[in-house]
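Sequence order for the protein chains is A and B. Numbering follows this note's numbering, with no gaps: position 73 of the first sequence is 76. Numbering follows this note's numbering, with no gaps: position 260 of the second sequence is 518. So the structure is just underneath, and the comments pick up after that.
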Amino acid sequence: MEYSYTISGGDFTHAGEASSHLKRILKSLNLDPVLIRRTVVALYEAEVNVVAHAWNGKVMVDISPDEIVIVVKDAGPGIEDIERAMQKGYSTASPTVREMGFGAGMGLFNMKSNSDSLEIKSDPGVGTEVRIVNKIS
Amino acid sequence: MDQQTSFHHALFVDTDICNGCVHCMRVCPTKAIRVRDGKARIDANRCIDCGNCYRVCPVRAIRVEQDDLSLILNYPVRVALIPSVFLGQFPDHIKPEDIYSTLIRLGFTSVFEVEHGVEIIRDEIGAYLKKHSHQIPLISSFCPSVVRLIQVRYPSLTSHIIRLKTPHDISAIYCRKYYEDQGYRADQIGIFYVTPCAAKIAAVKSPVGERVSSINGVINMDFLYNKVLASICRKPETDNGIKVLSPGSQAIKWTLTRGEVSCFNVRALGIDGIQEVCNFLEKVEMDQVKGVDFLELRACQEGCPGGILAPSNPFLTVETMEQRAVNCSSKPAESPGVLDQYRDYLISQASVDPIEPRSILKLDQEVGVAMTKLTALQDIESKLPGLDCAACGAPECNALAEDIILGKGSIEQCPFIGLGNLIDESADLSDVIKPIREVWSGKIKQIKL
Numbered sequence: 004m005e006y007s008y009t010i011s012g013g014d015f016t017h018a019g020e021a022s023s024h025l026k027r028i029l030k031s032l033n034l035d036p037v038l039i040r041r042t043v044v045a046l047y048e049a050e051v052n053v054v055a056h057a058w059n060g061k062v063m064v065d066i067s068p069d070e071i072v073i074v075v076k077d078a079g080p081g082i083e084d085i086e087r088a089m090q091k092g093y094s095t096a097s098p099t100v101r102e103m104g105f106g107a108g109m110g111l112f113n114m115k116s117n118s119d120s121l122e123i124k125s126d127p128g129v130g131t132e133v134r135i136v137n138k139i140s
Numbered sequence: 259m260d261q262q263t264s265f266h267h268a269l270f271v272d273t274d275i276c277n278g279c280v281h282c283m284r285v286c287p288t289k290a291i292r293v294r295d296g297k298a299r300i301d302a303n304r305c306i307d308c309g310n311c312y313r314v315c316p317v318r319a320i321r322v323e324q325d326d327l328s329l330i331l332n333y334p335v336r337v338a339l340i341p342s343v344f345l346g347q348f349p350d351h352i353k354p355e356d357i358y359s360t361l362i363r364l365g366f367t368s369v370f371e372v373e374h375g376v377e378i379i380r381d382e383i384g385a386y387l388k389k390h391s392h393q394i395p396l397i398s399s400f401c402p403s404v405v406r407l408i409q410v411r412y413p414s415l416t417s418h419i420i421r422l423k424t425p426h427d428i429s430a431i432y433c434r435k436y437y438e439d440q441g442y443r444a445d446q447i448g449i450f451y452v453t454p455c456a457a458k459i460a461a462v463k464s465p466v467g468e469r470v471s472s473i474n475g476v477i478n479m480d481f482l483y484n485k486v487l488a489s490i491c492r493k494p495e496t497d498n499g500i501k502v503l504s505p506g507s508q509a510i511k512w513t514l515t516r517g518e519v520s521c522f523n524v525r526a527l528g529i530d531g532i533q534e535v536c537n538f539l540e541k542v543e544m545d546q547v548k549g550v551d552f553l554e555l556r557a558c559q560e561g562c563p564g565g566i567l568a569p570s571n572p573f574l575t576v577e578t579m580e581q582r583a584v585n586c587s588s589k590p591a592e593s594p595g596v597l598d599q600y601r602d603y604l605i606s607q608a609s610v611d612p613i614e615p616r617s618i619l620k621l622d623q624e625v626g627v628a629m630t631k632l633t634a635l636q637d638i639e640s641k642l643p644g645l646d647c648a649a650c651g652a653p654e655c656n657a658l659a660e661d662i663i664l665g666k667g668s669i670e671q672c673p674f675i676g677l678g679n680l681i682d683e684s685a686d687l688s689d690v691i692k693p694i695r696e697v698w699s700g701k702i703k704q705i706k707l
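Below you can see the structure in the form of C-alpha cells.
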C-alpha cells in the first residue's frame, strides 16, 4: 500500500500531517502499538526536518505485510556532515527555529532510535533523501 | 488474549422515544452509534459512556440506568457516598448540614463524602509520579470515560494510566472496613454512590483493572437532587444534630478541572472536554508532548460539575465548591484525617491491575488481511460523496465504508449511490429504496403538499 504526502518548507503549523495520517492507517492494521509509535515518531522528526531546513519535500510510504518503508525526499541545503548531524544534540537550527521549540538537535538521533534501519543520502545545495525502514514482526 | 465482547454501559436508547434524528451519532467520539430501523443503536464495544449523546438528544431518548433507591432498604447499614459536587448543586442557603440530614431522612443511615479518599490517594499519586518518572506523561485514572477512551482509541497509551484507584473507591473501601470492624457482616453493609455521570456507573458495574467494586449501588445525582430539594421544601427544619466532617480544601476541589494538577509540584496539565482530550492524546501518541509529568484529563467541561447528571449550571457549581473550599481552609485542619486510622490498609488496597488496550480501530487481527480490507475500504470511500450527511445511518462516509468492510453495512445505504444507479439505470427504484428503508424505516413516507 502506498501513500504520498507533500511538505512545504517553513510551514511549522502543518508539520506532522503525514505522520498523523500514517498513524491512523497503522492503527487500522492492528500493528503493535510500540511499532506504530516508533514509526510515526521517526516520520514526524523527518517532516519537521524538512519544514525547518528545506524548501519543500515529499514523503512516500510503502506498507507491506513485512515492513514499512518511508522515503522523505527534499529540495534543500542538504547536510554537509551526516555523521556529525546524527549525533545527539547537534543542531544547525537558527535561534528563531529554536525559539519555536524545534531544532534541539534531536531530529536525526530520534529518527535513528525509532527506526530499524535509517539511510541518509545528501547532496549539499540540492537536497536530502532519508529512508526509514521498520520491520513488521 | 481474548477480548471481552461486551461491556456494561449505563447509557441506553429508549427506542419508544428515539426518532432517529442522528444528533447523537454525530457527536459520539468513538463513532459508536448507528441508525437502523429509524432508531439509534449504541455499539457496546465502542461506547465509553462519555454522555455526549445524552447532552444533544433533543427528545431525551438517551437514558441513564440507575439502581432503585429502595434497594438501600436491603441493608441495615446504608451509606450515601456523596461527592462534593453533589453539595455544590444546591443554592447557598441550603447548607451541607441540611443536605446530610435530609439524606438521613430519606433512609440512609450515614453520609460519607467521597473526597475524604483524596487524602490517601493524593499521597499515593505523588509517590507514583516520582517512582514512574520514566513513563511520563502519566495520566490520571480519575475519569472512567477517559480511561475507556484511551483503551479503545489510544491503546498505545494504556501503560501511561496511573494504576491507582480513585477517591470514590478508596472511600467505599473505607466505609466497608469501618462497618465490618463495628461488627457488621459484609452483606449487611450497603454503600451507594451518588454519581454525576454515566461513566462512573459503568465504572462501578464493570470496573477496569479491578474485579469487583466495593459499591453496592449507584444513585443518579439529578434524581437524588430532586428528592432532597422536595424533602427540604416540605419540611425545612433539618437540624438533627448532624455534624459535617468536611474534607480539606484541596480535596473538595479534586473533581474540578485542575483539581488534581494543583496538588502536585510537577509539570502538569488539566484538560477538560472529550474533544480537547482527544486532540491532546493524538499529540501524546506522537511523542510531541515533551517534559510534561502528569495529565489530568476529564471528559466533561469543568470536570465533574459538567457531568450529565449534575443538574445545576457547572460554572455556578464550581463557584459554590470553591467558596466552600475557601471556608474550609480558614478552619483548622481536621487532624488526623478522617481515614487516617486505616491509612495502611487503604494504601494496600489502592493499586489496580494493568489497564488492557482494546482497540476499536483495527480492521482485522492479521496484518495481511487488514491491509486488504484497508485497500478495499479506501476504494469504497473514494466512491462515496464525502458529505458526511449521515443519511446512510452512519456518522461519516468513512464510517459507512468501515461498516461495509466489517460486514455491518452495504454501499446501497448511501442515497447518493442509489440515485446514481437509478440515473444510469443499473438499478431500479425498489432496489434503491429497500436498503434506505432498512435504515430509516417509517421515516420515509409520502408527504402530500
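Glycine included, each C-beta is placed from N, C-alpha and C at the ideal position. Just so we're clear, the structure is a prediction, and the values are computed from it rather than from any experiment.
Check your understanding: Just reading off the alpha helix (DSSP H) that B/D661 is part of, what are its end residues?
Key -> As a first step, residue 661 of chain B must be located in the second sequence, where it is residue number 403. 655–663 is the extent of the alpha helix (DSSP H) around B/D661.
**Study point:** Sequence-distant residues of the same chain with beta carbon closer than 6 Å to B/T273, five excluded per side
**Key:** Here residue 273 of chain B corresponds to residue number 15 of the second sequence, with the count starting at 1. So the qualifying residues of the chain are K297.
Point to revise | Cβ contact (3+ pairs, closer than 8 Å) linking the stretch 537–550 of chain B and the stretch 443–461 of chain B | key: no
Practice item. Under 6 Å Cβ to Cβ from A/K138, same chain only, skipping five residues before and after it: list those, please. Key: As a position in the first sequence, residue 138 of chain A is number 135, starting the count at 1. For A/K138, where only same-chain residues beyond five positions count, the Cβ hits under 6 Å are E70, D119.
Practice item. Specify, as a first and last residue, the run of the alpha helix (DSSP H) that B/I357 falls within. Key: Translated into positions along the second sequence, residue 357 of chain B becomes position 99. Counting along the chain, the alpha helix (DSSP H) containing B/I357 begins and ends at 354–363.
Exercise for review: Quick one: using the 10 Å Cβ neighbour count with 16 as the cut-off for buried, is B/D530 buried or exposed?
Suggested key: Within the second sequence, numbered from 1, the residue matching residue 530 of chain B stands at position 272. It counts as buried.
Practice item. Taking only beta-carbon positions, decide if A/M114 is within less than 8 Å of chain B. Key: Here residue 114 of chain A refers to the residue found at position 111 when the first sequence is read from its first residue. It does not: the Cβ of A/M114 has no partner Cβ on chain B nearer than 8 Å.
Point to revise | Cut-off 6 Å between Cβ atoms - residues of its own chain near B/V690, not counting five sequence neighbours on either side | key: By one-based count along the second sequence, residue 690 of chain B stands at place 432. Contacts found: G676, L680.
Point to revise | Minimum C-alpha distance to B/A290 - residue among B/I275, B/G309, B/C276, B/N277 | key: The residue labelled residue 290 of chain B in the question sits at position 32 within the second sequence. Of the candidates B/I275, B/G309, B/C276, B/N277, the one whose C-alpha sits nearest the C-alpha of B/A290 is B/G309.
Check your understanding: In chain B, what lies closer than 8 Å to A/P36 by C-beta?
Key -> On the first sequence, residue 36 of chain A is found 33 positions in, with the first residue counted as 1. P413, S414, P615, listed in chain order.
**Study point:** Proximal chain A residues relative to B/D227, where beta-carbon distance stays under 8 Å
**Key:** Coverage of chain B is limited to positions 259 through 707, which leaves residue 227 of chain B absent and any answer about it impossible.
Point to revise | From B/I510, B/F481, B/I275, residue whose alpha carbon lies closest to that of B/V584 | key: In the second sequence, residue 584 of chain B corresponds to position 326, counting from 1. Among B/I510, B/F481, B/I275, the Cα nearest to that of B/V584 is on B/I510.
Point to revise | Test: A/K91 CB closer than 8 Å to a CB of chain B | key: In the first sequence, residue 91 of chain A corresponds to position 88, counting from 1. Closer than 8 Å: no.
Review point. Between which two residues does the beta strand (DSSP E) harbouring A/K138 extend?
Key: Counting from one through the first sequence, the residue named residue 138 of chain A turns up at place 135. Taken as a continuous stretch (DSSP letters only), the beta strand (DSSP E) holding A/K138 covers 130–138.
Check your understanding: So which of B/N571, B/F674, B/N537, B/L604 has the shortest CA-CA distance to B/K423?
Key -> By 1-based counting over the second sequence, the position of residue 423 of chain B is 165. Cα-wise, what sits closest to B/K423 is B/L604.
Point to revise | Contacting residues, own chain, Cβ-Cβ under 7 Å from B/G517 (five flanking each side not counted) | key: Residue numbering aside, residue 517 of chain B sits at position 259 when the second sequence is read from its first letter. For B/G517, where only same-chain residues beyond five positions count, the Cβ hits under 7 Å are K511, G561.
**Study point:** Residues of its chain near B/Q262, where Cβ-Cβ distance is below 6 Å and the 5 sequence neighbours each way are ignored
**Key:** Indexing the second sequence from 1 puts residue 262 of chain B at position 4. Below a pLDDT of 50, predicted positions are generally treated as unreliable, and B/Q262, at 46, falls in that range; the measurement from the model is reported next regardless. Excluding residues within five positions, none has a Cβ falling inside 6 Å.
Review point. So is A/T9 buried or exposed if we call it buried at 16+ other beta carbons inside 10 Å?
Key: Taking the first residue of the first sequence as 1, we reach residue 9 of chain A at position 6. Flag for A/T9 reads exposed.
Check your understanding: With DSSP run on the structure shown, which of helix, strand or coil describes B/L514?
Key -> In the second sequence, the residue the question calls residue 514 of chain B occupies position 256. The answer is coil: DSSP assigns B/L514 none of H, G, I, E or B.
Review point. Does DSSP put B/I394 in a helix, in a strand, or in coil?
Key: Residue 394 of chain B sits at position 136 when you count from the first residue of the second sequence. In the structure shown, B/I394 sits in coil (DSSP, three-state: anything other than H, G, I, E or B).
**Study point:** Start-end ranges of the alpha helix (DSSP H) lying completely within the stretch 266–306 of chain B, minimum 4 residues
**Key:** 281–285
Exercise for review: Taking only beta carbons into account, state which residues of the stretch 15–31 of chain A come closer than 9 Å to chain E, listed in chain order.
Suggested key: In the displayed structure, chain E is absent; the protein chains listed are A and B.
Point to revise | Test: B/D301 CB closer than 8 Å to a CB of chain A | key: Numbered from 1 along the second sequence, position 43 holds the residue referred to as residue 301 of chain B. No, B/D301 lies away from the interface with chain A (no Cβ there is under 8 Å from its Cβ).
Review point. Does the beta-carbon distance from B/Q347 to B/Y483 come in below 8 Å?
Key: For the purposes of this step, residue 347 of chain B is taken as residue 89 along the second sequence, with counting starting at 1. For the purposes of this step, residue 483 of chain B is taken as residue 225 along the second sequence, with counting starting at 1. Taking 8 Å as the Cβ cut-off, B/Q347 and B/Y483 qualify as a contacting pair.
Exercise for review: Would you kindly work out how many angstroms separate the C-alpha atoms of A/V136 and B/T633, rounded to a whole number?
Suggested key: The residue you call residue 136 of chain A lines up with position 133 of the first sequence. The residue you call residue 633 of chain B lines up with position 375 of the second sequence. Their Cα atoms are separated by approximately 21 Å.
Check your understanding: If you drop the 5 nearest sequence neighbours on each side, which residues of the same chain put their C-beta closer than 7 Å to that of A/S125?
Key -> Mapped onto the first sequence, residue 125 of chain A falls at position 122. For A/S125, where only same-chain residues beyond five positions count, the Cβ hits under 7 Å are G81, I82, I85, T131.
Review point. Who are the near neighbours of A/D77 in its chain, counting only those whose CB is closer than 7 Å to its CB and skipping five residues on each side?
Key: Reading the first sequence from its first residue, position 74 is the one you call residue 77 of chain A. So the list reads V53, A57, N59, G60, G130, T131, once near-sequence residues are dropped.
Check your understanding: If the cut is a Cβ gap below 8 Å, which residues of chain B does A/Y47 touch?
Key -> For the purposes of this step, residue 47 of chain A is taken as residue 44 along the first sequence, with counting starting at 1. Result: M544, D545, Q546.
Review point. Within the 8 Å Cβ cut-off, does B/A652 reach chain A?
Key: On the second sequence, position 394 is the one that residue 652 of chain B refers to. Chain A, which has no Cβ nearer than 8 Å to the Cβ of B/A652, makes this no.
Point to revise | Between the CA atoms of B/G700 and B/L707 - distance to the nearest angstrom | key: Counting from one through the second sequence, the residue named residue 707 of chain B turns up at place 449. Counting from one through the second sequence, the residue named residue 700 of chain B turns up at place 442. B/L707 and B/G700: Cα-Cα distance of roughly 18 Å.
Exercise for review: Measuring alpha carbon to alpha carbon, tell me which of B/E670, B/M629, B/I662, B/S684 ends up nearest A/P68.
Suggested key: Start at 1 with the first residue of the first sequence, and residue 68 of chain A comes out as number 65. When only C-alpha atoms are compared, the closest one is B/M629.
Exercise for review: Spell out whether any CB of chain B is found under 8 Å from the CB atom of A/I66.
Suggested key: Here residue 66 of chain A is taken as the residue at index 63 of the first sequence, counted from 1. Yes - at least one Cβ of chain B is within 8 Å of the one on A/I66.
Review point. Would B/I663 be called buried (16 or more neighbouring beta carbons within 10 Å of its own) or exposed?
Key: Along the second sequence, read from residue 1 onward, the residue named residue 663 of chain B stands at position 405. Label assigned to B/I663: buried.
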